[in-house]
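Enquirer: According to our numbering, the residues represented by the sequence shown are 1 to 160, in order.
Built from N, CA and C at the ideal position, the CB exists for glycine as well.
Note that the coordinates shown come from a computational prediction; the quantities given were computed from them, not determined experimentally.
Take this structure first; my questions come after.
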Amino acid sequence: AVWYLSPLNGITGWLLPMLGFRVAGDTHAPWQHALHFIIYLSIYIFGSILFAKFWIETTDMGPAAIARQIQQSDMHIPGFRRDPKILRKILERYIPAVTIIGGAAVGALAAFADAIGTVGRTSGTGVLLLVGILIRLYEDLAREQAMDMHPLLRQFFGRG
């Protein structure tokens with residue numbers, strides 16, 4: 001509640017998450033709350049886009065790496081030659097745009113969850129982490145259960 005009990009000063013005041021629009025002792029005008037939310041949302045989205053672009057480049061998920069992987073797996077895009085340069089050009093149309101849109105969506109989701117306050121006062125990033133971990137746990141449990149039910153799957157995964 002530090003932001004609400006002090007005047008706007010420094011960059012730290014703008015980077016703190018929103019805790020609601022009315023807190024006891026809050027002396028800020030409504031336009032200051034709106035500006036705070038816009039700046040907070042913009043910084044969160046910008047940071048998420050930067051992280052998404054960094055992630056794509058460092059994990060070999062860029063257009064050149066994906067084109068190389070498609071070529072190595074003997075796949076192709078119907079109507080185009082099997083040249084990796086052509087595949088890279090096609091993928092360069094989509095991968096950067098999808099990366100930016102995905103990063104912005106995740107950043108906006110996390111910022112909005114921070115702004116409206118989630119159950120238990122967890123952060124938006126914490127909610128995203130929780131969902132990702134639960135999905136992974138569900139997939140692992142489903143895979144284990146499928147291997148228990150079908151012995152052929154155990155042989156396929158090398159555990160039989």
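#1: Taking VAL98 as the reference, which of PRO63, THR125 and LEU109 has the closest Cα?
#2: Determine the extent of the alpha helix (DSSP H) in which ILE77 is found, giving its start and end residues.
#3: How about the region 94-110 and the region 42-52: do they share at least three Cβ pairs that are nearer than 8 Å?
#4: Looking at the secondary structure, which residues open and close the alpha helix (DSSP H) in which ALA115 lies?
#5: Unbroken alpha helix (DSSP H) runs of length 4 or more, entirely within the region 39-75: which are they?
#6: Please state whether the Cβ-Cβ distance between ILE162 and ALA113 is less than 8 Å.
#7: Measure from the C-beta of HIS76 to each C-beta in chain D and report whether the shortest distance is under 8 Å.
#8: Are there 16 or more other CB atoms within 10 angstroms of the CB of LEU129, so buried, or fewer, so exposed?
#9: I'd like to know whether the C-beta atoms of ILE165 and LEU87 end up nearer to each other than 8 Å.
Expert: Reading off the structure:
#1: In this structure, PRO63 is the residue among PRO63, THR125 and LEU109 with its C-alpha nearest to the C-alpha of VAL98.
#2: It is not in any alpha helix (DSSP H) - ILE77 carries neither H nor E in the DSSP assignment.
#3: Yes, they touch.
#4: Per DSSP, the continuous alpha helix (DSSP H) segment holding ALA115 begins and ends at 84-116.
#5: Within the region 39-75, the complete alpha helix (DSSP H) runs of at least 4 residues are 63-72.
#6: A question about residue 162 goes unanswered here, because the residues of the chain that appear run from 1 up to 160.
#7: No chain D appears in this structure, which consists of one protein chain only.
#8: By the Cβ-count criterion, LEU129 is exposed, with fewer than 16 other Cβ atoms from all chains shown falling within 10 Å of its own Cβ.
#9: As displayed, the chain neither begins before 1 nor continues past 160, which places residue 165 out of reach and without an answer.
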